[in-house]
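Student:
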Amino acid sequence: MTSSTECAPARRRRYGAPKNWRQTFLAKLADTSNVSAAADSAQISLSWAYKTRREDPQFSRQWFTALCEGYDNLEMDLLHRLRSGEAKDAEPRKFDNATAFRLLAIHRQTVAREKALQENDDEAAILASIDAKLDAMRERAQLNASAGDLDDE
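Quick note: the sequence shown uses our numbering, first residue 50, plus one each step.
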């Protein structure tokens, strides 16, 4: 007689994330604007997704881009429904236009904040670049002045 534990296949616990989880996650995020759905689709935990976003600036930028694409899709869907209405024989899914408008308004604020942060980063990088160029020019001027002093002797 076999016990039920002998018949059940042994499940191996997988550590880490699937190889190409980022592409799957970002594609689903762009499609749905839903981080939970994207994590489920990529077979990762929400905490892993957020941890990766915190630790990887490139992934963070890709996340933001995918989320913006998802909200652009939501905006286009909303505009289409408002312009053409919904078909009577359409699937019984109810769309909450007021909630969609609120989400889009919040998203616009987030985008504005992110752009301001990026512009600040860009400004800091530009100022650092200018400072580095000025320092290099000062060094060259000092070297030229030193070389001129040597020629006078």
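Here a beta-carbon is modelled for each residue, glycine too, at the ideal position from N, C-alpha and C.
Are Trp-112 and Arg-102 close, meaning C-beta to C-beta below 8 Å?
Tutor: By one-based count along the sequence shown, residue 112 stands at place 63. By one-based count along the sequence shown, residue 102 stands at place 53. Yes, Cβ-Cβ distance for Trp-112 and Arg-102 is below 8 Å.
Student: Taking its Cβ as the centre, do 16 or more other Cβ atoms sit within 10 Å of Lys-77, making it buried, or is it exposed?
Tutor: On the sequence shown, position 28 is the one that residue 77 refers to. Classification for Lys-77: buried.
Student: Starting from Asn-122, follow the alpha helix (DSSP H) in both directions and report where the run begins and ends.
Tutor: To locate residue 122, count along the sequence shown from 1; it is residue 73. Asn-122 -> alpha helix (DSSP H) spans 106 to 133.
Student: Apart from the five residues just before and just after Leu-75, which ones in its own chain have a Cβ nearer than 6 Å to its Cβ?
Tutor: Indexing the sequence shown from 1 puts residue 75 at position 26. Excluding sequence neighbours, Leu-75 sits near Gln-111, Ala-115.
Student: In angstroms with no decimal places, state the Cα-to-Cα distance between Ala-79 and Ile-93.
Tutor: Residue 79 sits at position 30 when you count from the first residue of the sequence shown. Residue 93 sits at position 44 when you count from the first residue of the sequence shown. Straight-line Cα distance between these residues: approximately 17 Å.
Student: Beta-carbon within less than 6 Å of Leu-95's beta-carbon, same chain only, minus the 5 sequence neighbours each way: which residues are those?
Tutor: Stepping through the sequence shown from its first residue, residue 95 is reached at position 46. Result list for Leu-95: Ala-88, in chain order.
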